[in-house]
Amino acid sequence: MPVATLLPFTATPNRKSASPTSFRLTEKFILLLVFSAFITLCFGAIFFLPDSSKLLSGVFFHSSAVETNTHTGPDSSDAGSAGNDDRLLAKIKKDHEKALLEAKDTLQKLPDVIQNDILADKAKVTKESMGKGGKDGNNLPFIEYHRPPGATGLEPQDPETRERRAKIKEMMKHAWDSYKRYAWGSNELRPVSKQGHSSNLFGSIKGATIVDALDTLYIMEMFEEFDAATDWVEKSLDFNVNAEVSVFEVNIRFVGGLLSAYYLSGKEVFRRKAVELGEKLLPAFKTPTGIPWALLNLKSGIGRNWPWASGGSSILAEYGTLHLEFMHLSRLSGNPEFAQKVMNIRKVLNRLEKPQGLYPNYLNPNSGQWGQHHVSVGGLGDSFYEYLLKAWLMSDKTDEEGKKMYYDALQAIETNLMRKSTNGLTYIAEWKGGLLEHKMGHLTCFAGGMIALGADGAPGDKTGHQMEQAAEIARTCHESYARTTLKLGPEAFRFDGGVEAIATRQNEKYFILRPEVIETYMYMWRFTHDPKYREWGWEAVQALEQHCRVEGGYSGVRDVYASSPNYDDVQQSFYLAETLKYLYLLFSEDDHLPFEHWVFNTEAHPLPVIRKDKTDRPNEVE
Ligand code: DMJ
870 MPVATLLPFT ATPNRKSASP TSFRLTEKFI LLLVFSAFIT LCFGAIFFLP
920 DSSKLLSGVF FHSSAVETNT HTGPDSSDAG SAGNDDRLLA KIKKDHEKAL
970 LEAKDTLQKL PDVIQNDILA DKAKVTKESM GKGGKDGNNL PFIEYHRPPG
1020 ATGLEPQDPE TRERRAKIKE MMKHAWDSYK RYAWGSNELR PVSKQGHSSN
1070 LFGSIKGATI VDALDTLYIM EMFEEFDAAT DWVEKSLDFN VNAEVSVFEV
1120 NIRFVGGLLS AYYLSGKEVF RRKAVELGEK LLPAFKTPTG IPWALLNLKS
1170 GIGRNWPWAS GGSSILAEYG TLHLEFMHLS RLSGNPEFAQ KVMNIRKVLN
1220 RLEKPQGLYP NYLNPNSGQW GQHHVSVGGL GDSFYEYLLK AWLMSDKTDE
1270 EGKKMYYDAL QAIETNLMRK STNGLTYIAE WKGGLLEHKM GHLTCFAGGM
1320 IALGADGAPG DKTGHQMEQA AEIARTCHES YARTTLKLGP EAFRFDGGVE
1370 AIATRQNEKY FILRPEVIET YMYMWRFTHD PKYREWGWEA VQALEQHCRV
1420 EGGYSGVRDV YASSPNYDDV QQSFYLAETL KYLYLLFSED DHLPFEHWVF
1470 NTEAHPLPVI RKDKTDRPNE VE
């Protein structure tokens, strides 16, 4: 049935052609009656139906106080309106005066303080808006995940390299399986006594090896193991502990490990856990200068410094090794506070006079003054320099301040600490109040890789010079291994008393599965493709297999000059995070975790470069 036939008074072609005289009088009368009833109904509707404009304004427009006042109108006959107006005027006047006073206060503040206030206000607003459900169920902003390139790599072309890489994967499997079998959930494994080991660096946080190993498992494509580790993180990784932790260690291993696992896998649980832990570390910054405490009770938020550290000082390599992780935490959480905290550290450092351009290892967080004038590119100082360079690289080379601080510091190190032995070995000594101690730590050996990584951006045509320095440091560190019985490097070696690259003190002869020398081989291989770096790496693999591998995993040894190993019975979590990862990358193609897209934190956890033109997509690199 056509619709038109159902409607009254609808002209149809037939009706149009009909003559008006065809209506009879009674029909006309009835039509008039119906028409007038309809008109009456319309009028009634105008007066009695609710005001539709008001209904609409509730749905589509938000009425403000100003609008309400306007609607009420200044000529309202409301008896109380005169009183209301007076109160309103008084309030406006008060607000105005308050604003003037605040402006006056602000003008008296230093620009730095004003900027900090603005940043703090911004952080507060962000935090509040996070609480108002602007974010997902975990109070985190939505982020579209894009995996950066090179998360996994192709098999190497050359058969020998392929075989060697496979061997390193087998070593990882042995280390991981042993940990899983004997120490699952503990921080580390005791491979000889086959039980768990808990370091007090992590308080009662558990699972350091699991979190530290996540990204190594992923890049080696050990996905079954990665899934088991992920499951443990989801169900058992707990930061609600009433215990004191090392802010630095927890940051580089746990926050760093979780961030890398997130960027490699895209699993939200890692982002959530990283941000949760990062927030728990924030109270460490509650000091008069904002230089964080070394130790923090995660429950009470009370911090302190190591009692042995120069009159309660904070340590350069600790407070200076938060930058990369905290920048990523801000990107992933939408909370600028993390970034502000680490940028403030730089501000404090840049205000201080530096002896010979060097950064002393100790800084008092209360006074903002240096403690003892000890300088080291090894323990207590090392990763501070590394993070200056990597902050610049990770910022897509926009962090000019980090860049300048790095190259200036390196120049001061070259002038004051770098020396050549009688037989031509370049080393980096330690500096104590102006006097040199001719000792180089195993930890200092990372500097070969760092200098090579920064050589390309070196100012004043120094690229070649810095590459030579890096190669010389790699050679010295290789010598420190080659001159031992076990072919593994001592904790520290000396260039005095007639020795070169040899440990002379009993308490410096141990090897705890550290990565720094292999880390430098890996960087040198990538930049030069000189086969000697792979050969040196392979020598280390053989020594590890021969002297550190035991049935229950891998152990450190107490004396690298002894004829047979005396085990320390600890499989350090960094053995899985760093040593085995750098070895694997040394025998991988260059497009596996390529340097133009990834920057390694000091625990070898890869973090993507934050592209300057992709501000809204923190993990997108292309
Ligand atoms: C690691 O935890 C990190 O590399 C840190 O920066 C220094 N020491 C250990 C490994 O030796």
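Residue numbers for the sequence shown follow the working numbering, so the first one is 870 and each next one is one higher.
Built from N, CA and C at the ideal position, the CB exists for glycine as well.
query, result
"Inter-stretch contact (C-beta, 8 Å, three-pair minimum) for the segment 1015-1027 and the segment 1070-1077", "no"
"Nearest-angstrom Cα separation, counted from Y1256 out to L1454", "21 Å"
"Coarse secondary structure for D920, derived from DSSP in three states", "Below a pLDDT of 50, predicted positions are generally treated as unreliable, and D920, at 36, falls in that range; the measurement from the model is reported next regardless. Residue state, collapsed to three classes: coil."
"Short Cβ contact (8 Å threshold) for A1163 with S1236", "no"
"Separation of S1182 from N1174, as counted between CA atoms", "6 Å"
"Beta strand (DSSP E) segments (min. 3 residues) lying fully within the segment 1395-1482", "1467-1469, 1475-1477"
"Environment of S1129 [buried if 16+ CB atoms lie within 10 Å]", "buried"
"C-beta atoms of L1436 and V1429 nearer than 8 Å", "Looking at the sequence shown, residue 1436 is not Leu but Tyr. For Y1436 and V1429, no; Cβs fall outside 8 Å."
"Three-state class that DSSP yields for G1172 in the structure shown", "strand"
"Contact set for R1034: own chain, Cβ-Cβ below 7 Å, skip 5 residues either direction", "P1025, Y1453, F1456, S1457"
"E1299 - partner residues in DSSP beta bridges", "E1306"
"Q1064 (DSSP reduced to helix, strand or coil)", "strand"
"Spatial distance of G1135 from H1043 (CA atoms)", "27 Å"
"Start and end residues, beta strand (DSSP E) containing K1289", "1287-1289"
"Extent of the continuous alpha helix (DSSP H) to which S1129 belongs", "1125-1134"
"Proximal residues to K885 (C-beta, below 8 Å), its chain only, five neighbours per side dropped", "The pLDDT assigned to K885 is 33, lower than 50, so where the model puts this residue is not dependable; a value taken from the coordinates is nonetheless given after this. Counting only Cβ-Cβ distances below 8 Å, and skipping sequence neighbours, we find nothing."
"Three-way DSSP call (helix, strand, coil) for R1050 in this model", "helix"
"Three-state class that DSSP yields for R1363 in the structure shown", "strand"
"Classification of F1011 by the beta-carbon crowding that lies within 10 angstroms, buried from 16 upward", "exposed"
"Residue nearest to Y1231 in terms of C-alpha spacing, selected from K1038, K1301, L1058, E1206", "K1301"
"Outcome for R1141 when other beta-carbon atoms lying within 10 angstroms are tallied against a minimum of 16", "buried"
"Simplified DSSP assignment, three categories, for Y1276", "helix"
"Contact check, A1343 vs Y1390, beta carbons under 8 Å", "yes"
"Cut-off 7 Å between Cβ atoms - residues of its own chain near K1289, not counting five sequence neighbours on either side", "T1295"
"Inter-stretch contact (C-beta, 8 Å, three-pair minimum) for the segment 1202-1220 and the segment 1147-1165", "yes"
"Host alpha helix (DSSP H) of L1150 (start-end)", "1137-1150"
"Identity of the residues DSSP links to W1239 by a beta bridge", "L1232"
"Collapsed DSSP secondary structure at N1069 in the structure displayed", "helix"
"Reference W1101, options M1393, I1079, N1120, closest by Cα", "I1079"
"T1471 and S1245 closer than 8 Å at C-beta", "no"
"DSSP bridge partner residues for N1166 (one or two, in chain order)", "E1113"
"8 Å Cβ cutoff met for R1016 and A1446", "no"
"S1199 versus Q1415: straight-line alpha-carbon distance, rounded", "44 Å"
"Residue range of the alpha helix (DSSP H) that includes R1200", "1192-1202"
"For S1183: DSSP bridge partner residues", "L1232"
"Short Cβ contact (8 Å threshold) for H1243 with P1234", "no"
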